[in-house]
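Notes follow the structure.
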Amino acid sequence: MSEIVAFREGLFKEDAQGGALLGSKCKSCGKVYFPPTPLCYDCLEENMETVPLSRKGTLYTYTVSQMPSFHFLPPYAVGWIELPEGIRVFAPLKEEEKLKVGMDMELVIEKLWEEDGKKVIGYKFKPCKSQPNHP
Amino acid sequence: MREVAIIGVGSTIFDKLPQRGVTDLGREAAWAAIKDANISPKEIQFAYCSNLYHPFVIGQGIINKVGISSVEVVNVENACAGGATAFRGVWLGIASGMYDVGIAIGVESMTTSPIAGKLIPPAKDDLDGELGLTMPAYVALAMVRHMAQYGTTVEQFARISEKNHRHGSLNPYSQYQKVLTLEEILSSRMICYPLTLLQVCPNTDGAAAVVLCAADKVKKYTSKPIYVATSVLKMGDYNYRRKDFTFSDLTFMTSQEAYENAGIGPEDIDLIELHDPFSGSELMHYEELGLCHPGEGGCLIDGGVTALGGKIPVNPSGGLLSKGHPLSATGVAQIAEVTWQLRGEAGKRQVPDARIGLTHVIGGTATGIEAGSCAVHMLKR
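First to last, the sequence lines map onto chains A and B.
For the first sequence, the positions run 121 to 255 when my numbering is used.
For the second sequence, the positions run -7 to 373 when my numbering is used.
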């Protein structure tokens, strides 16, 4: 069984609920960031704490690439997901059904690629099974 | 700050030229600009050179081949805005009173660069790059949102490419000189939805150069000086502050400052050379530059407003889509094009009675910010 490594430290956690992205929140003004930042770019205080982010959001936009990127063979989907915290996250997408702007999406932690025989895991978003606003 | 004028411009053709090195390309453009300026190389007091992929001291390597040595040389990089950054450097050196005459060169050999035919591994700290955010994907994401938000169609985006290839067919400097149909453009290979191959600028080599001079000294060299009305260069703001990913706040802020500085608004401009590495880029830049309201870019292209013969021709040269995009050369080449247009020397692609032109480049991605760099210049005769 090959070794599993996170593609980045400190960006996400795995747990029984399916994991969560880890953002940073400014304790002085409340602004939330992803990826985490060392200081708050709004109030410029160095008073950040790690916070798990919402697992679900809406698909702000997406595209499907027919050209390879360094890690992904085509076709692969990527997009920006809007989270309730008021931030947008860029992530690879699982195109389990046809993607549409505005779809409800949920986080999934799984293998992104393989490197030096190791399984590299990270985050993706996939369409929620039920789409209350999009019958 | 003193007034500064352009007294000479030069450019190589833009094409795949792997048999030529950056020094040779730069030398050709620099020499053409010097000849056009009717100036002796001895009179050039300083130089800025922009290049991204080929270290080092490239400016010095070029200008010694045209008879210039010992002067101050600055080599700059600002991704796709590099050439405009070099032009700005020379403008500022003269406007500030430090020098009277300088040369700006932009050169890129994409076909002999480290990325030629290869995928560059993303930088170690480029999070989004590792997760698949390529340059086409970046713009494609904005285009898909633009379609969802405003009802813009894939045909409207493709029409930008049709227009620019038609313009390019009139331009001897352009890599592609072929009129393409909308059908050909839409049915070409999909790159990144909705961008098809013929809506993406090609890999191209080339160089361009401009000689600038203090305005009160131009009579010695030319009877057709072209004046720099304004130069603005800015860095992108944080992504988290962007409300609308279909709208480049960076282009908006840079151009607004340019309009204010020059006392000239978009309604006064006779032609624009803007950054169109992808068809969607140009459509969205119409909105940020204030040619129309957000969401109305499709109407502009449909109405022929931005074609040669229309009210405000955009990319009469053919733009990056048709000419190609040697990254650091593009910003300088746009200045050369607008100069030719304002002098009435643009041949078959001439915009009649052009008096005021605007150039725009934007480029460089870094996780967390909208984009690296945007430069807007306005020239007038």
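From the three backbone atoms N, C-alpha and C, an ideal C-beta is built for every residue, glycine too.
For F239 (chain B), no CB of chain A lies under 8 Å from its own CB, so it is not counted at the interface with that chain. With contacts defined by Cβ atoms closer than 8 Å, P155 (chain A) and L131 (chain A) form a contacting pair.
Listed along chain B are A129, A132, L133, V136, C184 and Y185, each with a C-beta nearer than 7 Å to that of T183 (chain A). By the rule that beta-carbons nearer than 8 Å mark a contact, I207 (chain A) touches chain B.
With a threshold of 16 other beta carbon atoms within 10 Å, D197 (chain B) meets it and is buried. Assignment of beta-bridge partners to A211 (chain A) by DSSP yields A:G199. Burial of G75 (chain B) is indicated by the presence of at least 16 other C-beta atoms within 10 angstroms of its C-beta. At a cut-off of 8 Å between beta carbons, A126 (chain A) makes no contact with chain B. Three or more beta-carbon pairs separated by less than 8 Å are not found between the region 50 to 67 of chain B and the region 305 to 315 of chain B, which leaves the two stretches without contact. No Cβ of chain A is located within less than 8 Å of the beta carbon of A299 (chain B). Straight-line measurement puts the Cα of M(-7) (chain B) at about 26 Å from the Cα of A346 (chain B). In this structure E337 (chain B) is exposed. Its beta-carbon is surrounded by fewer than 16 other beta-carbon atoms within 10 angstroms.
Taking the CA atoms as reference points, G109 (chain B) sits about 29 Å from Y243 (chain A). The Cβ-Cβ distance between A(-3) (chain B) and L204 (chain B) falls below 8 Å. When secondary structure is reduced to three states using DSSP, I261 (chain B) falls in the coil class, being assigned neither helix nor strand.
Between T359 (chain B) and the set A:L141, A:Y153 and A:E123, the nearest pair of CA atoms involves A:Y153. Neighbours of G199 (chain A) across chain B, judged by C-beta separation under 9 Å: L133 and V136. For the C-beta of Y230 (chain B), the chain A residues within less than 7 Å are, from N- to C-terminus, Y161. Beta-bridge partners assigned by DSSP to A367 (chain B): B:L225 and B:V353. Counted as a single uninterrupted DSSP element, the alpha helix (DSSP H) harbouring S179 (chain B) occupies residues L174 to S179. Counting of Cβ neighbours within 10 angstroms places R208 (chain A) among the buried residues, the total reaching 16 or more.
Short of 7 Å from the beta carbon of I183 (chain B), and not among the five residues preceding or following it, lie these beta carbons of its own chain, in chain order: P128, L189 and V192. Contact of G124 (chain B) with chain A by beta-carbon distance below 8 Å involves S185, S189, H191, F192, Y196, V198 and P212.
Contact between I36 (chain B) and I95 (chain B) holds: CB atoms are separated by about 5 Å, below the 8 Å threshold. Residues are counted here when their Cβ sits less than 8 Å from a Cβ of chain A; for the region 257 to 280 of chain B the count is zero.
In this chain, the alpha helix (DSSP H) harbouring E249 (chain B) covers D241 to A254.
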